[in-house]
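Residue 961 in the UniProt record's numbering sits at position 961 of the first sequence, with consecutive numbering throughout. Quick notes on the structure that follows.
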Amino acid sequence: MSDATLNAAPSRPVRKGDHVFLIDGSSYIFRAYHALPPLSRKSDGLPVGAVAGFCNMLWKLLREANEVGVKPTHLAVVLDHSATTFRNTIYDLYKAQRPEPPEDLRPQFKLIRDAVHAFNVACIEQEGFEADDLIATYSRQAVEAGADVTIVASDKDLMQLIRPGVIMLDTMKGKIIGRDEVIEKFGVPPEKVVDVQSLAGDSVDNVPGVPGIGVKTAAQLIEEYGDLETLLARAGEIKQPKRREALQTFADQARISYRLVTLDQNVPLDTAIDALCVRPTEGERLIRFLKAMEFTTLTGRVASATGVESASVEPDPSIASARALGETAPAPAAMADTAAPATGAVAALPELHPSALAAARLGAARAPVDRSTYETVLSIDRLRDWAARATAAGIVAVDTETTSLDPMQADLVGVSLALAPGEACYIPLAHRGEGDGLFTEGLLAGQIPIRDALAVLKPMLEDRGVLKIAQNLKYDWLVLARYGIEIAPYDDTMLISYVLDAGRGAHGMDPLSEKWLGHTPITFDEVTGKGKARITFDRVPLDRATAYAAEDADVTLRLWHALKPRLVAEGMATAYETLERPMVPVLAQMERAGISIDRSILSRLSGDFAQSAAALEAEIQELAGQPFNVGSPKQLGDILFGVMGLPGGTKTATGAWATGASILEDLAEQGYELPQKILDWRQLTKLRSTYTDALPSYLNPETKRVHTSYALAATTTGRLSSSEPNLQNIPVRTEAGRQIRRAFVAEAGKKLVSADYSQIELRLLAEIADIPALRKAFRDGLDIHALTASEMFGVPVEGMPSEIRRRAKAINFGIIYGISAFGLANQLSIGREEAGAYIKRYFERFPGIRDYMEETKRICREHGYVTTLFGRRCHYPDIAAKNPSIRAFNERAAINARLQGSAADIIRRAMVRVAPALQASGLSGRMLLQVHDELIFEVPEDEVAATLPLVAGIMERAPEPAARLNVPLKVDARAADNWDEAH
DNA sequence: AAGTCTTCGTA
DNA sequence: GTACGAAGACTTC
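Given below as structure tokens:
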């Protein structure tokens with residue numbers, strides 16, 4: 001290889017058999033920056049990690065065997081010239097939300113250009129065009145000339161260019177991307193990639209796409225219809241209404257997206273492709289640069305390959321110094337993220353403003369996730385190193401992998417940790433070979449014995465000086481509790497998101513990652529499969545397990561960096577610390593306790609219900625004159641309104657006959673026999689399928705109890721929700737329903753204690769709306785519904801007809817729900833006009849409540865949220881919707897949220913206080929369940945007398961000292977052998 | 001096998 | 001009129 005200096009750019013036409021390499025420089029820089037450990041020039045701390053990675057890659061492509069197995073005849077590094085391109089004229093939001101590059105990356109862009117020149121390689125950039133468009137154009141020209149093309153990049157936007165003779169090479173993963181890989185990723189071949197992308201959109205580049213359509217659905221649609229235009233033209237044929245409407249509504253948005261993602265293959269090039277021919281490496285020039293960068297290893301390699309005496313070459317003095325670039329050299333991301341003692345660059349820059357550090361940190365947290373850097377920890381020494389670094393850092397993201405989604409049955413399979421964005425590991429502990437589950441091969445070799453690993457992790461996980469960060473910690477808390485580990489202190493990114501953004505989208509990790517990091521993590525389903533084909537996590541191969549698990553910890557840590565600062569900035573830190581975070585161990589302990597159910601009661605009921613339902617079914621079919629599926633609303637509607645021609649038939653939104661309870665009740669009142677029997681049949685089958693049959697299947701085989709799962713971040717108002725099984729909707733209204741409650745029992749020698757708030761939401765209405773008459777009524781312990789009726793209708797409370805009181809009660813509930821004449825009319829089975837008149841009269845008597853409702857709407861419109869008594873925010877982004885019914889719905893929800901949410905806050909405060917208070921009093925009762933305004937405990941018989949007043953007192957005083965209400969809270973508490981009698 | 005619609009249980 | 005979750009029927013793949 002000649003070392004001659006060739007200043008004039010040579011040129012050699014591209015012809016058949018040539019091989020053109022096009023390097024996507026810009027995206028390579030970003031990836032190298034995040035994938036590689038932060039590296040600073042020793043002499044002055046100039047960040048050079050991305051430059052080093054880039055130089056190594058380029059050297060390898062030029063001089064050594066690469067993955068493609070050929071040496072380039074033509075080669076260019078293609079860069080983005082500026083942020084604004086023709087795409088911004090199509091769509092002004094294109095790439096709009098893309099964050100600024102991190103501070104310690106910025107000075108490296110210029111260095112990369114210097115590097116390209118030092119390598120004597122063509123460096124291409126062109127105003128108004130992205131690197132991708134230039135690559136597309138060169139690629140087309142090369143193919144037309146009969147040459148092969150290798151695009152060195154991993155950006156999915158370039159995959160549309162793949163065709164015979166054109167492949168992509170991801171040097172960081174050492175992977176070639178061809179037609180098959182594209183099909184694997186997009187579900188369609190390269191030539192259809194743009195069609196799929198224009199439907200699915202791209203959150204990273206802010207390509208809108210069509211809402212509700214992801215890559216999977218898009219691929220399937222394109223597969224079926226061929227291309228975007230055909231699909232849009234025939235969108236009306238699509239069966240699924242949601243999908244059809246989305247495609248029709250957002251057709252133009254999809255067309256815009258199509259233009260955004262389609263690369264321009266006809267850019268008027270400033271530099272002809274012939275000029276990209278590979279030029280000889282000038283050893284001395286390159287070494288001058290590498291020495292200036294202080295890349296000693298690469299300098300040595302280049303020297304020996306080019307035969308230049310390295311010692312005789314001086315570093316290039318023109319290569320920028322940190323100071324000359326006018327850049328502060330901030331801490332590498334890994335350091336900025338930790339509470340570790342300031343070292344290196346941080347120590348050298350004491351004047352660096354905290355917000356600059358925060359910006360650098362946020363930049364790192366938002367940087368692309370690279371799964372290839374995660375470590376699989378297989379030795380106790382490596383584990384000790386990770387634990388020690390976590391302890392030194394004082395902060396670590398943690399995630400557990402297990403054999404089950406049910407934390408009460410899940411066995412630990414592995415633990416992942418993240419110390420800084422991109423710096424994460426997975427510690428497999430109980431992975432097995434890929435067996436059939438019956439013939440287990442035993443543990444996979446090489447894993448650290450679980451006891452040894454937990455012995456290393458436990459001190460760190462319980463260290464008061466190390467903040468553990470998790471997403472949905474309650475799950476991991478429950479799992480680790482069963483291994484004798486109690487995590488503390490901790491933060492939960494799901495709960496931080498919830499307290500900040502309740503009502504503004506979901507709080508699971510995948511949606512949060514999309515929203516805040518613009519990154520799509522590997523999904524659990526992708527790793528384990530789903531449905532019948534699902535495998536347990538212990539059968540996931542270690543490389544896939546590491547990519548998935550370490551990424552979860554990595555993403556969790558990045559989310560924490562993105563969200564935690566908002567708590568203070570937005571004034572939500574107290575709400576998080578008092579209403580959210582302390583609930584994790586409280587709920588975990590409740591779930592772990594579970595509740596005992598009496599199987600024999602349920603199985604007897606099941607039999608009874610089945611028999612009665614069968615009898616009813618026979619009568620129903622007799623009355624109908626033909627056999628049909630009574631459980632099918634479709635068939636039932638045909639019988640009632642078609643065959644029998646009953647009056648009052650209305651259609652549902654989808655055009656089917658409506659056969660809901662209220663319609664059947666109306667018919668029953670008119671004297672028809674069949675509808676009542678249907679109602680009875682429905683009740684019996686409902687109770688049987690949902691409760692008496694289903695509940696026993698939730699019995700935990702080890703504990704012989706039922707362990708529900710509470711969701712802390714599921715509702716907009718702050719309420720909990722319960723699932724698997726839902727123990728917040730156990731029947732209570734009818735006698736048949738109450739029999740089910742009798743199956744919830746205390747264990748021998750104990751009682752169930754139920755303590756519930758009496759009319760808490762109405763009391764909060766009186767408090768928040770500040771209605772003196774209502775406040776006084778509660779203070780005096782009056783019958784609030786009777787009083788309302790008396791005020792409205794002028795009837796004395798004494799001897800009031802029950803129907804009058806019933807109507808007033810419905811109005812009171814209506815107020816809490818953000819009353820409408822329509823709703824009240826439905827509830828009371830009266831006309832809209834009459835209901836409207838009631839409401840008018842109510843507001844005349846209680847004008848303060850109308851003012852409260854108007855004020856709530858105004859506040860919600862102004863801020864986009866309402867606030868509870870304790871500072872929780874409930875967001876209603878559609879409060880100002882143009883559509884009147886959507887707007888009215890949001891207004892009612894906002895009115896309700898202040899009350900429902902304040903009540904939810906109060907019971908949360910009580911729940912946090914109960915366990916310590918019981919313990920302080922030497923009582924051993926355990927809290928088992930929460931049903932919005934009710935707490936259920938299991939208490940030794942001889943402690944019941946002491947527990948009842950203690951619990952009631954804590955609940956009644958729960959608002960204090962944060963709020964001192966002018967209305968008393970009233971709690972009724974009772975003990976019995978089963979839930980029905982205690983309630 | 002998975003997703004949507006309808007219905008119904010609770011506060 | 002608010003807030004939820006679960007089940008069966010039905011549709012779609």
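Ideal Cβ placement from N, Cα and C applies to all residues, glycine included.
Pairing K970 with I954, the inter-Cα distance amounts to about 11 Å.
Cβ atoms of C55 and L298 come within 8 Å of each other, at about 6 Å.
A residue is called buried once 16 or more other Cβ atoms fall within 10 Å of its Cβ, and P449, having fewer, is exposed. Rounded to the nearest angstrom, the Cβ distance from V78 to A131 is 4 Å, consistent with a contact under 8 Å. One thing to note: D476 has its Cβ within 8 Å of the Cβ of V398. Contact check for V188 and E224: beta-carbon distance about 11 Å, past the 8 Å limit, so the pair fails to qualify. Assigned with DSSP and collapsed to three states, A748 falls in coil, not helix or strand.
Using a Cβ-Cβ distance cut-off of 8 Å, the segment 589-607 and the segment 686-704 are in contact, since at least three pairs of beta carbons, one from each stretch, lie closer than that value.
Just measuring C-alpha positions, the residue of D905, E891, T400, P949 sitting nearest A917 is P949. For T715, no beta strand (DSSP E) segment is defined, and its DSSP state is neither H nor E. Short of 8 Å from the beta carbon of Q589, and not among the five residues preceding or following it, lie these beta carbons of its own chain, in chain order: A915, R926, M927.
The alpha helix (DSSP H) runs of length 4 or more contained entirely in the segment 96-133 are, from start to end of the chain, 106-118. In this structure, the straight-line span from the alpha carbon of D381 to that of D598 is close to 50 Å. Rounded to the nearest whole angstrom, the C-alpha separation of A963 and A488 is 28 Å. Around the beta carbon of S758, a 10 Å sphere encloses fewer than 16 other beta carbons of the protein chains shown; the residue is thus reported as exposed. DSSP places S416 in the strand class (E or B) of the three-state scheme. The continuous alpha helix (DSSP H) containing L383 extends over residues 380-393. Burial state of L61 is buried, judged by a 10 Å Cβ sphere holding 16 or more other Cβ atoms.
Approximately 14 Å separates the beta-carbon atoms of G871 and T717; this is outside 8 Å, ruling out the contact.
Here the alpha carbon of T947 sits roughly 53 Å from the alpha carbon of T654. By the criterion of at least three beta-carbon pairs nearer than 8 Å, the segment 464-475 is in contact with the segment 487-501. Taking a 10 Å sphere around the C-beta of R581, we find 16 or more other C-beta atoms and assign the residue as buried.
Each residue's CA atom was taken as its position, placing V584 and E669 some 49 Å apart. For H561, the closest C-alpha among the options E735, T734, A420 is that of A420. The beta strand (DSSP E) runs of length 3 or more contained entirely in the segment 740-800 are, from start to end of the chain, 750-757. For G518, the closest alpha carbon among the candidates V555, E526, D525 is that of V555. Residue pairing by DSSP places I427 opposite V415 in a beta bridge.
About 49 Å separates the Cβ atoms of L684 and A553, ruling out a contact at the 8 Å cut-off. With a cutoff of 8 Å on beta-carbon distance, E551 and P521 are scored as near each other. Here DSSP, grouped into helix, strand and coil, assigns P940 to strand. Under the three-state reduction of DSSP output, T493 falls in the helix class.
In this structure, the beta-carbon distance from A755 to E934 falls below 8 Å. The Cβ neighbour count for Q141, taken over all protein chains shown within 10 Å, is at least 16; the residue is labelled buried. E294 and L260 have their C-alpha atoms spaced approximately 41 Å apart. Secondary structure at F21: strand, using DSSP grouped into helix, strand and coil. Of the candidates L720, L58, T271, G442, T271 places its Cα closest to the Cα of Q126.
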